[in-house]
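If you're matching positions, the sequence shown starts at 202 in our numbering and goes up one per residue. As structure tokens, the structure follows; a few thoughts come after it.
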Amino acid sequence: MVNDKPRATLTGFSPTNRNANLAVLEHLLHSLSYIASHLSEKLTLIGMPLSQEGYTIAGAYGHLSFPAAQRIIYGLHIFHVEDEPFLAIIPGTYDRAKGTGQVTRVKASRPALDWLTQKGLIFPNHPYYPEQKYDLSFHLQIKVTEVKEVPAEELEAQKAPKAEVIETKRILDRPLHGTERILPTSLQLLKKAKLSLPLPDYAFYERHWDWANKRSKLMERRNARLYRGFSEEDGRGGRIYGHWVQMLPSEARQHLTFNRQPSVELDYSSMQLALLYHLHGQPMPKGELYEIPGSYWPREACKAVLRISVGSYSKVQAVKSLAKELLGMRLNAEKAELLYDAFWDRHDGVRPHSTGSTPAWIRLQALDAQIALQVLCYLAEQEIPAVPIHDSFVVPAKYEAQCQEAMQKSFADYAPGISVMIKSTTEDKASAG
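Here you go:
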């Protein structure tokens, strides 16, 4: 019965029709998972004829058995998951006068989509599964920014800006040295750990779909490398890049597994601000660093002040960028300067933008990169795999205590006397629960 109307009398499932049934089931599950993996507002249904004429040798479904198609499609409609049919059926139509109609169409119900997701049948770039590709050739990379003047004739014809900023990347021709030498070992540990990203449900997959570019944000290509990236010259910056996990949304990283075992992400709380106090030789103030006493400004807005300030050459530049950010947060952009002043009054001892000062990020990133490399060294001594993500580390959950100890020791090695808190996704999940 479909829509309260009798449609067919099904023959039983038996060993003799097993192969024919499996052929239809494979075709159907592949089609359902393909459509669900490539989200589209137009393509949501699969045409599956339920009449003998649709399965002639010359037809599109000539490789499938008509009785098997009936058994599988109607069987999955009868089979319920969470009180819903696994497969929804939209019966075909036919206008005898016009001689036109539509074939029967089917689609997976929401519980069925969750099942497909949890079984690993829905993934980016389906049907090409995003296998990890480990690149064991290590290098150091430098990003060089060039400003190219635009010729006057092009400027007038194209209404282009007066100058074009071009970024190029080149390999640094020198061997790894110091703690950099841990990178090959760290990557080998990750390769053996077999990282994977099982998804909890289909709603999770939908949330991370980029509708503008019609692709998933969960990484179609999973390149696995670890290298240091410098800016303009060797030693300037030097954070660790290259691994596909670093590009994942933070929500997705919580579902990573190492050899099918759960992971945890630990990150330094207020690390950049703590390092600023260390570089200025100032003691850390007590209390929450991103709170302004007597202020209504949320934590994210205060964090934006720090992030933008350390990357800017002047207060004017910082306030202008901050106003745009506040606008995106739906906060009062006209009060950007008041927020800037209030935040740096709270942290007056490390206030940036003195006359002729360079952005603080250059020193901060160089320092946090050294700390990250040291953390990897401590973990590698214990053969613990870890993905570094600037000021955080993703490790197997069973090594959470060892990772926290390595992070505390590494920070103390480079910023003695400055205390820093370490948070984990385990704590975040507990508080959310």
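We put the beta carbon where it would ideally sit given N, CA and C, even for glycine.
Backbone CA spacing between residue i and residue j [nearest angstrom]
i, j, result
"residue 488", "residue 545", "15 Å"
"residue 470", "residue 575", "18 Å"
"residue 597", "residue 460", "9 Å"
"residue 356", "residue 368", "Here the model assigns residue 356 a pLDDT of 48, short of 50, so the residue's position is not dependable, and the following value carries that caveat. Distance between the alpha carbons of residue 356 and residue 368: 20 Å."
"residue 219", "residue 226", "10 Å"
"residue 329", "residue 482", "53 Å"
"residue 287", "residue 579", "50 Å"
"residue 486", "residue 243", "56 Å"
"residue 336", "residue 253", "52 Å"
"residue 446", "residue 290", "39 Å"
"residue 560", "residue 441", "20 Å"
"residue 214", "residue 262", "21 Å"
"residue 274", "residue 425", "41 Å"
"residue 536", "residue 552", "19 Å"
"residue 518", "residue 528", "16 Å"
"residue 609", "residue 393", "26 Å"
"residue 480", "residue 375", "29 Å"
"residue 585", "residue 500", "33 Å"
"residue 278", "residue 256", "20 Å"
"residue 251", "residue 298", "21 Å"
"residue 382", "residue 588", "16 Å"
Residue burial classification, residue i (beta-carbon count within 10 angstroms, cutoff 16)
i, result
"residue 631", "With a pLDDT of 48 at residue 631, under the threshold of 50, the modelled position of that residue is not reliable, and no figure is offered here."
"residue 494", "exposed"
"residue 412", "exposed"
"residue 514", "exposed"
"residue 634", "Since pLDDT at residue 634 reaches only 46, below the 50 mark, its modelled position is unreliable, and no value is offered."
"residue 296", "exposed"
"residue 270", "buried"
"residue 258", "exposed"
Beta-carbon spacing of residue i, residue j below 8 Å
i, j, result
"residue 322", "residue 232", "no"
"residue 308", "residue 240", "no"
"residue 203", "residue 248", "no"
"residue 593", "residue 388", "no"
"residue 398", "residue 372", "no"
"residue 377", "residue 384", "yes"
"residue 475", "residue 621", "yes"
"residue 294", "residue 403", "no"
"residue 590", "residue 438", "no"
"residue 344", "residue 432", "yes"
"residue 386", "residue 581", "yes"
"residue 456", "residue 400", "yes"
"residue 543", "residue 526", "no"
"residue 222", "residue 272", "yes"
"residue 313", "residue 436", "no"
"residue 230", "residue 276", "no"
"residue 502", "residue 477", "no"
Distance between beta carbons of residue j and residue i, contact taken as under 8 Å
i, j, result
"residue 511", "residue 473", "7 Å"
"residue 523", "residue 540", "7 Å"
"residue 265", "residue 224", "6 Å"
"residue 285", "residue 311", "7 Å"
"residue 606", "residue 465", "At roughly 14 Å, the Cβ-Cβ gap does not stay under 8 Å, so residue 606 and residue 465 are not in contact."
"residue 331", "residue 423", "5 Å"
"residue 396", "residue 462", "At roughly 11 Å, the Cβ-Cβ gap does not stay under 8 Å, so residue 396 and residue 462 are not in contact."
Distance cut-off 7 Å: residue i Cβ against heavy atoms of the ligand ADP
i, result
"residue 300", "Ligands displayed in this structure: none; no statement on the ligand ADP is therefore possible."
Pair every Cβ in the segment 566 to 584 with every Cβ in the segment 545 to 555, then say whether three or more of these pairs are closer than 8 Å.
no
State whether the segment 604 to 620 contacts the segment 417 to 426, with contact taken as three or more CB pairs (one from each stretch) at a distance under 8 Å.
no
Cβ pair count under 8 Å reaching 3, the segment 486 to 506 against the segment 617 to 626:
no
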